[in-house]
Amino acid sequence: MFDFIEKRRYARIDAHVPVQYKELHSGSPITGAVTKDLSEGGIKFYTHKFISLACRMIVELNLPAVENNIKAISKVAWIKKLPAGDDYEVGNQFLDMTKEDKQTISGYVKKFLESTDSE
């Protein structure tokens, strides 16, 4: 009935991994959260505080079975208030990271997708 065309550039996986973030050019404290999903292009996570759209931040992901944390400069692509409580859902787009960190995320996503395909 409806032809749905996936417009995302990168495959997205459900991934609940620890993330720490901090606004790039402010004295704001480091805040911890857990991702809802992950792709080579960014993450979605929940937070208790409002973050302005297009806010630049430093994010650090702690992927399971990966020795070093992934660090990136990112921006808030979208934010929406959740219907219950005071939490927000945040779509965060990666802007800059090392080639090695990008390859690590790519490999992590690929491995996750391969493991779910074999089930």
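Numbering of the sequence shown is given in the working numbering, commencing with residue 13 and proceeding in unit increments. Positions of the beta carbon are idealized from the N, C-alpha and C atoms, including for glycine.
Per the DSSP secondary-structure output, Lys-93 pairs in a beta bridge with Tyr-100. For Pro-30, the enclosing beta strand (DSSP E) stretches over residues 30-35. For Glu-72, the uninterrupted beta strand (DSSP E) segment begins and ends at 68-73. Per the DSSP secondary-structure output, Phe-106 pairs in a beta bridge with Ser-86. Between Gly-54 and Phe-106 a beta carbon distance of about 5 Å is seen, short of the 8 Å cut, so the two are scored as contacting. The way I'd put it, the stretch 27-45 does touch the stretch 60-76; three or more beta-carbon pairs between them come closer than 8 Å.
In the assembly as shown, Asn-104 is a buried residue. Its beta-carbon has 16 or more other beta-carbons within 10 Å.
Taking a contact as a CB-CB distance under 8 Å, the pair Ile-117 and Ile-91 does not count as one, their CB atoms being some 22 Å apart. Remark: C-beta atoms of Lys-61 and Thr-47 do not approach each other more closely than 9 Å.
Per DSSP, Gly-44 is one residue of the beta strand (DSSP E) stretching across 43-51.
Sorting Ser-40, Pro-95, Asp-99, Ser-127 by C-alpha distance to the C-alpha of Thr-59 places Asp-99 at the top.
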